[in-house]
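Trainee: In UniProt numbering, the protein residues as written are 1 to 525.
For each residue, glycine too, the CB sits at the ideal point set by N, CA and C.
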């Protein structure tokens with residue numbers, strides 16, 4: 001266990017070191033670029049002063065009756081244009097035509113517009129939905145794949161927002177439909193491929209805050225997903241994506257309440273008794289879902305009904321080799337120990353001794369979190385129902401409702417085209433091209449601020465994808481605060497006080513294999 005942890009910390013330190021080194025190299029590169037720009041600007045300034053002086057001399061000569069020749073005008077203009085344009089200007093521009101020189105000069109300093117990310121073509125959603133309901137299973141699967149790819153491979157920002165808004169405005173998944181045959185029923189298809197690709201698309205929707213809001217408006221969908229969770233094989237990609245979607249649903253309070261009422265906590269505890277049958281992804285998302293549900297007072301009370309079973313499962317998970325689940329195990333333990341009867345059960349089974357075993361071997365962060373849990377275990381506080389009421393649904397917290405599009409959404413594609421079959425964007429734009437109806441969206445915050453201390457167990461709903469990115473952010477901030485850098489003025493400062501910098505979690509467009517943290521340093525004029 002120690003070797004595994006040492007290896008994990010070495011990997012984290014190496015990644016952070018590489019990020020910092022790359023940031024410094026990038027800063028050096030930018031410094032050289034700005035120095036070159038400054039030298040060029042200074043040379044252009046001197047050139048401009050020289051040309052201005054000559055033009056003043058020419059104006060004085062004109063007043064005295066001396067004519068200015070086209071050759072002289074051409075030589076002045078060539079000196080004013082950039083080096084790249086001088087040769088073409090000297091050869092191709094006719095300076096004898098009035099206004100030519102001034103027009104060229106104004107054009108040479110016109111600001112260059114940044115190239116915008118193009119919006120994707122609009123689609124015929126009526127035809128799409130008809131084929132999703134009445135088409136062959138193979139066509140349905142290809143359409144579901146193409147619609148998901150359009151969402152997952154789009155650029156974060158306006159392009160992705162526009163794609164999602166078009167899906168929602170056209171009710172792509174029939175969340176507002178009461179028809180017997182609708183797109184959501186594809187989750188009950190006899191075809192395993194169609195069920196899997198429908199689950200993947202729902203998981204992609206659930207990865208985005210607006211997508212979760214849209215899906216939450218249909219109460220049938222939650223029941224369908226819970227049915228599939230209990231019916232599908234645990235080693236299938238369908239089961240994995242259904243679990244992923246439900247975990248992201250648990251960020252929304254109303255859906256949390258429904259899942260708790262449906263007894264999903266009991267089912268999760270049973271699933272977690274056999275962790276060997278779960279992949280790393282499903283284990284992480286199952287534990288994170290359990291924690292999110294345990295954060296509610298109704299969820300805590302559900303756990304109190306099977307306190308011994310839940311505590312045994314969570315204490316076993318504390319020592320699991322997958323260290324990614326530790327924050328969620330700690331968060332769940334801390335939450336349910338707010339119930340006096342659960343605390344009594346935990347003391348009876350010697351939970352404090354179990355926790356202290358992990359203090360001896362854990363990381364500094366793990367040790368601090370366990371200390372909080374022990375403090376909660378020894379507390380005599382009654383459960384404060386007024387703090388988190390299940391009767392009054394609070395307004396959704398936008399700060400906590402975040403967007404994380406995972407690389408796993410497109411992994412292990414089992415659907416492969418045969419010769420002549422269209423797939424992806426080509427299928428959509430060839431067979432389902434519609435009329436342009438793009439609706440502009442307001443810009444959203446790329447990455448919400450991290451408010452909770454990493455020393456404490458989690459006490460707010462999260463998704464594993466978001467939590468991983470936030471942890472890298474926190475670690476990087478901590479490391480950068482300790483680094484001393486000399487600025488050009490010779491004063492030793494920390495990056496936090498010198499640079500006006502920020503960090504965002506982002507997915508690299510086109511290659512979303514993993515998350516990156518990017519440090520941006522502003523240009524210095």
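Which same chain residues end up closer than 7 Å to residue 435 when comparing Cβ atoms and leaving out the 5 residues on each side of it in sequence?
Mentor: 122
Trainee: With three or more beta-carbon pairs closer than 8 Å as the criterion, would you say the region 252-260 touches the region 215-229?
Mentor: The answer is yes - the region 215-229 touches the region 252-260, with three or more Cβ pairs under 8 Å.
Trainee: Across which residues does DSSP place residue 123 in a beta bridge pair?
Mentor: 433
Trainee: Which of the three DSSP states is assigned to residue 296 in this structure?
Mentor: coil
Trainee: Could you check the C-alpha separation between residue 274 and residue 228 for me, to the nearest Å?
Mentor: 19 Å
Trainee: Suppose only complete runs of 4+ residues qualify. What are the alpha helix (DSSP H) ranges in the region 176-239, listed by chain order?
Mentor: 192-206, 209-215 and 219-231
Trainee: When DSSP labels each residue in this structure, what does residue 62 get in the three-state scheme?
Mentor: helix
Trainee: Helix, strand or coil, according to DSSP, for residue 252 in the structure here?
Mentor: coil
Trainee: So, for residue 236: in the same chain, excluding its five sequence neighbours on each side, which residues have a beta-carbon less than 6 Å away from its beta-carbon?
Mentor: In the same chain as residue 236, and ignoring 5 residues on each side of it, no C-beta atom comes closer than 6 Å to its own.
Trainee: Can you name, in chain order, every residue of its own chain whose Cβ lies under 6 Å from the Cβ of residue 376, other than the five neighbours on each side?
Mentor: 334 and 337
Trainee: Let me know if residue 142 comes out buried or exposed under the rule of 16 or more other beta-carbons within 10 Å of its beta-carbon.
Mentor: Buried.
Trainee: Using a 10 Å radius around the Cβ and a threshold of 16 neighbouring Cβ atoms, would you call residue 350 buried or exposed?
Mentor: exposed
Trainee: In whole angstroms, what separates the C-alpha of residue 415 from that of residue 193?
Mentor: 8 Å
Trainee: Do residue 354 and residue 315 have their beta-carbon atoms positioned less than 8 Å apart in this structure?
Mentor: Result yes, Cβ atoms of residue 315 and residue 354 sit closer than 8 Å.
Trainee: Helix, strand or coil: how does DSSP classify residue 12 here?
Mentor: Helix, per DSSP.
Trainee: Please report how far the alpha carbon of residue 76 lies from the alpha carbon of residue 36, in whole angstroms.
Mentor: 24 Å
Trainee: Please confirm if the region 154-174 is in contact with the region 362-381, defined as three or more CB-CB distances below 8 Å between the two stretches.
Mentor: no
Trainee: For a quick check, are the C-beta atoms of residue 241 and residue 203 less than 8 Å apart?
Mentor: yes
Trainee: Once you ignore the five residues that flank residue 79 on each side, which residues in its own chain have a CB closer than 7 Å to its CB?
Mentor: Cβ within range, chain order: 47 and 51.
Trainee: Verify whether the separation of the beta carbon atoms of residue 547 and residue 332 is less than 8 Å.
Mentor: Residue 547 is absent from the structure shown; the chain starts at 1 and stops at 525.
Trainee: Locate the alpha helix (DSSP H) running through residue 316, then write down its first and last residues.
Mentor: 307-318
Trainee: With H, G and I counted as helix, E and B as strand and the rest as coil, what does DSSP make of residue 552?
Mentor: This structure cannot settle anything about residue 552, because the visible part of the chain is limited to 1 through 525.
Trainee: Please state whether the Cβ-Cβ distance between residue 432 and residue 124 is less than 8 Å.
Mentor: yes
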